[in-house]
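Position 231 (the sequence shown) corresponds to 231 in the working numbering; numbering is contiguous. For each residue, glycine too, the CB sits at the ideal point set by N, CA and C. For reference, the structure discussed in these notes is given below.
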Amino acid sequence: MKAVRVIPSPTGGKVEIQDIPAPVAGAGQVLVRVRAAGLNRGEINQARELRTGNTITAGVEFAGEVEAVGEGVHGWRAGDRVMGHGRACQAEYVIADPLALMAVPDGLSWIDAAAFPNVFITAHDAVVTNGQLRAGEAVLINGASGGVAMAAIQIASLMGARPVIATSRSAAKLDRLSQFGVDVGINSSCESQVDAVMAATGNRGVDLIIDTVGGPVFEDNMKSLAVKGRLVNIARLGSNTAQIDLSLLWLKRLTLIGVTFRTRSEQERLECIQACARDMLPFLAAGRIRLPIDRTFPMTAIGEAHAYMQQDQHVGKIVLVAE
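Below is the structure:
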């Protein structure tokens, strides 16, 4: 089968399509024929940072048809339309844990289905599980044009957050975000985040911030939070480092939370997937979730897809289509 392979190099890994043996479903496993796979910034970073070790198959999310099930698997059978989260997903076939699979709702395309798992599982874990969002609370999402941030916007809106505030350095991107549940857009290239947040919340501040930017906005985020506010960081696209005003942390009784899958056990990962499926699949099946696709590429054009994502001009998901 064809697969996207990341080859280690002293100057940073490179990606290419290789022919490798197709996997076989063992006991407790599901073999899925992949129709489409999402491309995420984590794969860009993985390729850039892989300098030693073994060549690996890229990808963490996919959509396709169940090809075969191993001994002891219940709930899935050959021909089922599924989407899922796992490893080595950018290939013509992938092995999945049955608990990492979700049924694709009727009428949802392979491309849309492949755009759902990673961003909504991550965003749900940030907004609901860790952020503990409650209806009526004010929410701010930084750097809101990426896939996870756009999922967080929709989850916050569906869970009853008001207002949902989003920042971006692009006026064009902010215009698009209003379609996904943003009540207040802040152009961070020319507006003060703190002033705009306070104006939108009656000088109270927001209860929850979902941050993808990191260092450059950390101080403004602390100032933008209400008393007992929560700051959940899921990415650091701007910088990994920041100074903390401990007096704000103390005075406002703030909670700072980091979210990643890298340090979670397999059981924790599966629990995150199941929690997202429980809360979000009914909305997806009812057509209340939008899956913005910026662009698709044939899986064989992986180099072109990586180059496009690195331009940082996309709004929504980039999806690889299996041929």
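Rounded separation between residue i and residue j - CA only
i: V213; j: V182; result: 18 Å
i: P98; j: F120; result: 18 Å
i: K252; j: S224; result: 11 Å
i: H306; j: S145; result: 18 Å
i: P8; j: Q313; result: 27 Å
i: V127; j: I210; result: 7 Å
i: M159; j: Q18; result: 43 Å
i: R342; j: D106; result: Any answer about residue 342 is impossible in this case: the structure gives the chain only from 1 up to 323.
i: D175; j: G143; result: 14 Å
i: A138; j: A275; result: 23 Å
i: G59; j: A27; result: 23 Å
i: A301; j: T201; result: 46 Å
i: M198; j: L281; result: 34 Å
i: D112; j: V217; result: 31 Å
i: I257; j: N130; result: 7 Å
i: F297; j: E323; result: 10 Å
i: Y308; j: M1; result: 25 Å
i: W76; j: G64; result: 13 Å
i: G136; j: L208; result: 11 Å
i: A114; j: E61; result: 6 Å
i: A103; j: V66; result: 11 Å
i: I141; j: V6; result: 32 Å
i: P23; j: E16; result: 19 Å
Nearest neighbour of residue i, chosen from the options [CA to CA]
i: I56; options: C89, R41 and H74; result: C89
i: P292; options: A100, W76, Q179 and G70; result: Q179
i: V315; options: A301, M150, P163 and G202; result: M150
i: I44; options: S170, L284 and Q310; result: Q310
i: L133; options: G86, A301, Q154 and A22; result: Q154
i: E266; options: P21, E16, N40 and A100; result: A100
i: H124; options: A277, V319, T296 and E16; result: A277
i: L204; options: V227, G185, V66 and E191; result: Going by the sequence as given, residue 204 is Arg instead of Leu. Considering only alpha carbons, the answer is V227.
i: R81; options: V32, W250, R295 and D294; result: V32
i: M222; options: D294, A322 and L248; result: L248
Limits of the beta strand (DSSP E) - the one that residue i falls within
i: T167; result: V164 to S168
i: I210; result: V206 to D211
i: E219; result: Careful: E219 lies outside any beta strand (DSSP E), inside the alpha helix (DSSP H) at G215 to S224.
i: E65; result: E61 to V69
i: A36; result: V30 to L39
i: I141; result: V139 to I141
i: I234; result: No beta strand (DSSP E) holds I234; DSSP gives it neither H nor E.
i: R134; result: Per DSSP, R134 belongs to no beta strand (DSSP E) and is neither H nor E.
Cβ-based burial, residue i [other Cβ within 10 Å; buried from 16]
i: A196; result: buried
i: R230; result: buried
i: Q29; result: buried
i: E304; result: exposed
i: G84; result: buried
i: N233; result: buried
i: I273; result: buried
i: I165; result: buried
i: L284; result: buried
i: I186; result: buried
i: P117; result: buried
i: I244; result: exposed
i: E191; result: exposed
i: S188; result: buried
i: R262; result: exposed
i: A96; result: buried
i: G13; result: buried
i: A78; result: exposed
i: A25; result: buried
i: N40; result: buried
i: E110; result: Sequence inspection shows Trp at residue 110; the Glu mentioned does not correspond to that position. Classification of W110: buried, given that the 10 Å Cβ count is 16 or more.
Residue span of the alpha helix (DSSP H) that contains residue i, given as start and end
i: A151; result: G147 to L158
i: Q18; result: From DSSP, Q18 is part of no alpha helix (DSSP H) but of the beta strand (DSSP E) over K14 to D19.
i: I302; result: I302 to Q310
i: M280; result: E266 to A285
i: R290; result: R290 -> no alpha helix (DSSP H), and no H or E assigned at all.
i: V119; result: P117 to H124
i: A22; result: Taken as a continuous stretch (DSSP letters only), A22 belongs to no alpha helix (DSSP H), as it is neither H nor E.
i: M102; result: From DSSP, M102 is part of no alpha helix (DSSP H) but of the beta strand (DSSP E) over L101 to A103.
Cutoff 8 Å: residue i Cβ touching any chain E Cβ
i: A113; result: No chain E appears in the structure shown, which is made up of a single protein chain.
Stretch pair the stretch 44–55 + the stretch 29–36: three plus CB contacts closer than 8 Å: no
Validate contact between the stretch 238–258 and the stretch 163–178 using beta carbons, cut 8 Å, 3 pairs: no
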